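Residue numbering for the sequence shown follows numbering that gives the first Met the number 0, starting at 0 and increasing by one per position. Structure first, commentary second.
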Amino acid sequence: MSAEQNPIKRFLGDVDTSIKNSEFADWYPISKKEFRDTVRSPWIWVLSFIFIVLFALPALLGLYFNIGQQFAEAGASLTTDAYVRFALPIAAPLLPAVAIVIGYAAIARESERGSLKILLSLPYTRGELLAGKFVGRSAITLIPVTVGLLTTLLVILPSEIEIAWESFLLFALATMVYGVVFTAFAIGLSAALKTARRAMAASLGIYVYLQVFWSNLGAGLGNLLSDHANIGEVTQLHVELFVSLLSPIAAYRTLVQEVLQGTPIRSRLLLTSSPQVTCEEMLGGTLEVTQTGAECTNAALPPQYSTVAVIGYLLLWLVVPLVAGYYVFENKDL
0 MSAEQNPIKR FLGDVDTSIK NSEFADWYPI SKKEFRDTVR SPWIWVLSFI FIVLFALPAL
60 LGLYFNIGQQ FAEAGASLTT DAYVRFALPI AAPLLPAVAI VIGYAAIARE SERGSLKILL
120 SLPYTRGELL AGKFVGRSAI TLIPVTVGLL TTLLVILPSE IEIAWESFLL FALATMVYGV
180 VFTAFAIGLS AALKTARRAM AASLGIYVYL QVFWSNLGAG LGNLLSDHAN IGEVTQLHVE
240 LFVSLLSPIA AYRTLVQEVL QGTPIRSRLL LTSSPQVTCE EMLGGTLEVT QTGAECTNAA
300 LPPQYSTVAV IGYLLLWLVV PLVAGYYVFE NKDL
């Protein structure tokens, strides 16, 4: 079947033409070339295979072999929500590392090789180059995520497991945004630093800090203020929760937990060291223990901990590195 007869190829061709003719897409040729060059590399398909294994394996082991039956015994029907509970601890640490590997060399390696000067001799600004690299590398990051999630659906569909479409699609969307956020983070550092090695070291160093140490930062800062500024326990918990939510990893985890729990309050309590005090004194509710866990009833969640606010904190890790990276990239000598 020729490209003219294939409706998918014809549709993609029409989209390609529309973007090319758009006045806002001066970066498009860069992102298109970036995508085509990188997608030919065998390691992108290795990453896709890893995601297939790691995303589909919980569905096979946890759902087909009744490991996930613990959720049914707790009073919940066996749905894809059980799969999301298995997949979340895998996606949260793995996806940022993959995004960093995809994005860290986007600009720094071009600078090392001298090809960056050739690119900038063409009618592209540095901002358009950065935007094109970001869009192209983000699309590459989404390939293994999308393949992994689609494979999971193919594994689950023939079974008797109920697909909770809303929560599964929200999990997929949050995971895709999460991957794009860390791609932007890596590209911002790639634009700001002189060599790919420095960009990799900085990206991985910050990632390790976020993954290993940031969870203790809020509690440590709260304790420090309590010892030296004489703040009360409620204020201390406010500091702990707010600082925790500023981590993109914690923001992603709590957003997915919110989808699973059905309430933002319950998912935020998981980030605090004292859920009962947080519920009763900070949020003005009542903590009740049920079969499915602790419930904070009659509580009011402050705006800074709302779903919109947490999404904003997550997206800050997309915007700030790109803006800061662009500012340094725009003003440095090549």
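Positions of the beta carbon are idealized from the N, C-alpha and C atoms, including for glycine. For clarity, every value in this text was computed on a predicted model and none was experimentally measured.
Any 3 or more C-beta pairs closer than 8 Å across the segment 307 to 318 and the segment 97 to 114 = no
Backbone CA spacing between LEU236 and ILE230 [nearest angstrom] = 10 Å
request  = Indicate whether ALA107 and ALA195 have their beta-carbon atoms separated by less than 7 Å.
outcome  = yes
inquiry  = Output needed for GLY131: all residues of its chain with C-beta closer than 6 Å, excluding positions within five of it in sequence on either side, in chain order.
reply    = TRP26, ILE29 and SER30
key: Inter-residue spacing [alpha-carbon to alpha-carbon] between THR271 and THR234   = 12 Å
request  = Please classify SER243: is it buried, with 16 or more other beta-carbons within 10 angstroms of its beta-carbon, or exposed?
outcome  = buried
query = Under a three-way DSSP split, which group does LEU286 fall into?
reply = strand
message = Considering only DSSP beta bridges, list what THR78 is partnered with.
response = GLU161
key: Enclosing alpha helix (DSSP H) for ASN330 [first to last residue]   = 306 to 330
ask   = Relative to the alpha-carbon of LEU377, which residue among PHE212, LYS32, GLU159 and THR140 has its alpha-carbon at the smallest distance?
value = Summary: the structure shown does not reach residue 377, with the chain confined to residues 0 through 333, and so no result is reported for it.
query = Can you name, in chain order, every residue of its own chain whose Cβ lies under 7 Å from the Cβ of ALA420, other than the five neighbours on each side?
reply = The structure shown does not extend to residue 420, since the chain is modelled only from 0 through 333, so no value can be given for it.
inquiry  = Less than 6 Å between C-beta atoms, sequence neighbours within five positions excluded: which residues of the same chain meet that for SER225?
reply    = GLN235
key: Rounded separation between VAL327 and ARG125 - CA only   = 11 Å
message = Taking only three categories from DSSP, how would you classify LEU11?
response = Its pLDDT being 49, under 50, LEU11 is placed unreliably in this model, and the value from its coordinates should be taken loosely. In the structure shown, LEU11 sits in a helix (DSSP, three-state: H, G or I).
ask   = If you run the structure through DSSP and keep just helix, strand and coil, what is ALA130?
value = helix
ask   = What span of residues does the alpha helix (DSSP H) with GLY219 cover, start to end?
value = 213 to 227
query = For the candidate residues GLY217, ALA185 and ALA191, whose alpha-carbon lies nearest to that of SER204?
reply = Strictly speaking, residue 204 in this sequence is Gly, with Ser absent from that position. Checking every option, the nearest Cα to that of GLY204 belongs to ALA185.
task = For PRO320, I'd like the list of residues in its chain whose CB is within less than 7 Å of its CB, leaving aside the five on either flank, ordered along the chain.
result = ALA183, PHE184, GLY187 and LEU188
message = Whole angstroms are fine: how far does the CA of LEU152 sit from the CA of PHE403?
response = Coverage of the chain is limited to positions 0 through 333, which leaves residue 403 absent and any answer about it impossible.
task = With a threshold of 16 other CB atoms inside 10 Å of the CB of ALA298, please say whether the residue is buried or exposed.
result = buried
key: Cβ neighbour criterion (16 or more within 10 Å) applied to SER137   = buried
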